[in-house]
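This note's numbering applies: residue 34 is where the first sequence begins, and numbers increase by one.
First up is the structure itself, then whatever we jot down about it.
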Amino acid sequence: MIIRNYLEELNLEQREAVQTFDGPLLVLSGAGTGKTRVLTSRIAHLLYSGLTKPWNIMAVTFTNKAAREMKERVSKIIGPSADQVIMGTFHSIGANFLRQHSELVGLKSNFSIIDVDDQVTAIKQILKDSNLDEKLYPPRLFAKIINHWKDKGLVPEKITDSEKDRFENEFAKDVYIKYQSKLKSSNSADFGDLLLYPLIILKDNIDVLEKWKSKIKYILVDEYQDTNTVQYLWLRLVSQPENNICCVGDDDQSIYGWRGAEVKNILGFEKDFPKAKVIRLEQNYRSTGNILSSANSLIDNNNFRLGKNLWTKDNKGKKILLTGVYDSSEEAKYIVNMSQTLRGEGKLLSNICVLVRTISQTREIEEQFIKGCIPYKVVGAKFFERQEIRDAIAYLRLIVNNADDLAFQRIINTPRRGIGANSIQKIIDFSLSAKCSYFLSSIEQVKLNTLSLSSKKNLERFIFQINKWGTLIYDERPSDLLQLILKDSGYIDMWKKMETIESETRIDNLNELISGMSEFENIKEFLEHVSIMTNNDRINIDGEVSLMTLHASKGLEFDYVFLPGWEDGLFPSIRSVDEKGNIGLEEERRLAYVGITRAKKELYISYSANRRIHGLWMSSIPSRFINELPKENIIENLDQGLYLPTGDSEFNDNLNNKSHFLSRHKKIYNHANYNQETFKIKTRDKQMSRNFIIGERVFHQKFGMGNVINVNGENLEISFDNAGIKKVRSDFVLKK
DNA sequence: TTCAGTTTAGTTTTT
DNA sequence: CTAAACTGAA
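Okay, here's the thing in structure tokens:
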């Protein structure tokens, strides 16, 4: 055992949180107050005190990355036995549990985990079978309702009439029932099931519950403010009666309400767990005084909060730089210029991050980073949602779980193998009447000779291939097997034949997937990993600027933080305010609070007068949140000088007034001429950069330096020094 | 059954 | 603006 004086490194409150072992404990831990340190020290202290064994402790984190980090930090104090502590996200722990007890809810242990897109596909089919018009009843809406019910722990039987008040909900309950049986027959579970099924199993099987209770003696929960009802019920169930449960969280950082998170879980902790002890951590070790008092003053505008005030021994530091720009591309350029300046001052790029409200904001910023030759990384880029990646994973899913109808449907004719809509419909119809999977149905169709000769031949070949690959699951390495599948199925060739830039990228992505798989021992482990991987699990902190959404930034910290797009409508998002009124606005404000408190040293907030939304240029006014920041902590960047001063009376009059949402589209001042000018400059800019000549030296963000060897309009063929020959669009390379 | 060309619908955040 | 859905011809 490695003995370290971990207790002495803690402040008074932290130490109390670490040493309070028995009974329910809530640690209200503000941003940057050392909550991870408390959690790790607590685990170490529990083990060090000899009270319990590692496998009797369960620590639930919000991301797998957080779990990994925690494990590392605990093992630094206590040694390798830290590995035996049960750590993971609710979803990964739930999935594990469900694999052990799957038969209790009618699943097999090799069930597939499906994502939102698969849900929508399944619901589409159900609507079709139920003769409900997709146009009238959008599948996405049903998916949302069903997920919402699952978050609340509602199985179909428990849906009461009061839940049906919305007109769709009457159908929704029916769709929900059919959806669940569809999933069951596909041997699949969605994200909600990973939490809901374990709860049901524990409730209905007293022996399983007792076994769990005798195993788990101490529970630690991170990010408690973002737990939903199911997670809450689950914690209540397994922690009773000793209630040795320690929840750490910050009500001001609750930003997942739209996903079913209930702030009331943390607000009502003392009521839910009688005799609970509450400890507040308010000393911040992360940010400067200016950053901290801005955050405090902003969040003070929220009504629904427990209330706390962060303080720091640190000095005031630099003021927050507030910048108004003309349009979003100016904003992107500004961020890149500032990053360049910081880099010039010797600051590491890995200490810089840009946090946006919506992921689409990253595109323009990326463009400028490429032009400015600054390495960057988009964290949580939707790699696993790309078509080619989903297709590849669907092949693996079908091989591991033949009953996975959603995977079957996705790839049965991808690449085209002569099995058209008619044949597929026959397969589906038969599976419905025979109550078997699509895959089994296909086998029957071949036997029964119901399809056209060519279809039959093609289907036979497909079945043969799936079976053949299935025999290799345990023999081949996952990466080798996928490579084999993509080659033999003709999937890679399908993209190769296209010879477009996009198809090249897709093949690159597939190769990236294959190489990423090499760290996994078996396919099942890999599939588990990809489906419940969290956003920032893939983060790497090399010499790159990080670009991500505010949501993805939870739990992270950076020296220099850019917060672009502080405009009313974008941030706070008009949708959340429209849909949920003040509740929605408060959540947006908490999101702003999370953003501000990520910064350790310097914070740059910016807003733009014009932004292109869904292809149309819109003008906008600065975010109301800007006025909630104390003037003494802020300095306005007058260099840019492209926007009206924030003291503008029209803007102030409209604050906190819903009508100003309506005036959102109103031009603040006429930019028409300027607009045209910039447009001209931009096109000229683009055209100039597009005249590439053979032999020219160029730079590409991903592939580095290279020489142009072929020019075909916008499409360039480049021989890169380190990455070989690639086809690239001219927008993505820079002249040297 | 396939493929190319055209129209339309949907765009906040994510396990 | 983009991806999915649709349409019609080969």
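Quick reminder that beta carbons are idealized off the backbone N, C-alpha and C, glycines included.
Bridge-paired residues (DSSP) for residue i
i	result
Y170	Answer is none; Y170 lacks a bridge partner.
T566	Here residue 566 is Met; the residue named in the question, Thr, does not match the sequence. DSSP lists no partner for M566.
W20	Outside the modelled stretch of the chain, which goes from 34 to 769, sits residue 20, for which no answer is possible.
V281	V60
S145	S221
L603	S606
V578	Y409
K310	L58
Exposure of residue i, with buried meaning 16 or more beta-carbon neighbours within 10 Å
i	result
E600	buried
Q273	exposed
L169	exposed
D718	Bear in mind that a pLDDT of 33 at D718, under 50, signals an unreliable position, so the number given afterwards is only what the model happens to contain. Counting Cβ neighbours within 10 Å, D718 comes out exposed, since fewer than 16 surround it.
K633	buried
S74	buried
V296	buried
E399	buried
Y289	buried
D255	buried
D424	buried
R730	exposed
M91	buried
V311	exposed
F684	Residue placement at F684 is poorly supported in this model, since its pLDDT is 37, which falls under 50; the coordinates still yield a value, given next. Classification of F684: buried, given that the 10 Å Cβ count is 16 or more.
L596	buried
Y507	exposed
N38	exposed
S470	buried
Q52	exposed
Check whether residue i and residue j have beta carbons under 8 Å apart
i	j	result
V433	K557	yes
N220	F144	yes
I234	L137	yes
L228	W267	yes
K587	Q286	yes
V369	S639	no
Q442	K459	no
N126	V149	Strictly speaking, residue 126 in this sequence is Ile, with Asn absent from that position. No; because the gap between Cβ atoms is not below 8 Å, this pair is not in contact.
A328	I659	no
M566	L515	no
S343	D284	Per the sequence shown, the amino acid found at residue 343 is Leu instead of Ser. No. Outside cutoff.
Y593	N743	no
L439	D226	no
L84	F54	yes
I332	T582	no
A670	T356	What sits at residue 670 in the sequence shown is Asn, not Ala. It is a contact, given that the beta carbons lie within the stated cut-off.
K489	N482	yes
Residue range of the beta strand (DSSP E) that includes residue i
i	result
N643	A632 to I646
T356	I353 to D360
V627	Here V627 belongs to no beta strand (DSSP E); instead the alpha helix (DSSP H) covers I607 to I629.
T94	I90 to T94
Terminal residues of the alpha helix (DSSP H) in which residue i lies
i	result
T73	K68 to Y81
E303	F302 to D305
W245	I239 to K248
S652	Taken as a continuous stretch (DSSP letters only), S652 belongs to no alpha helix (DSSP H), being part of the beta strand (DSSP E) at L649 to S652.
A222	That residue, A222, is in no alpha helix (DSSP H); its beta strand (DSSP E) goes S221 to D223.
L517	P511 to D521
N322	The sequence given here has Gly at residue 322, not Asn. That run of the alpha helix (DSSP H) goes G322 to I332.
E397	T395 to K404
Whole-Å CB distance - residue i paired with residue j, under 8 Å assumed
i	j	result
V281	L580	V281 to L580, Cβ: 28 Å. No contact.
N298	Y265	5 Å
I547	S512	5 Å
R622	N334	6 Å
E590	G65	7 Å
V60	L314	6 Å
V412	A585	6 Å
A642	S653	7 Å
V578	S320	Incorrect: roughly 19 Å between the Cβ atoms, too far for contact.
K246	V263	Not confirmed; about 18 Å, so no contact.
H134	V241	6 Å
L560	R430	7 Å
L492	I518	Between I518 and L492 the Cβ distance is about 17 Å, and since that is not below 8 Å, they are no contact.
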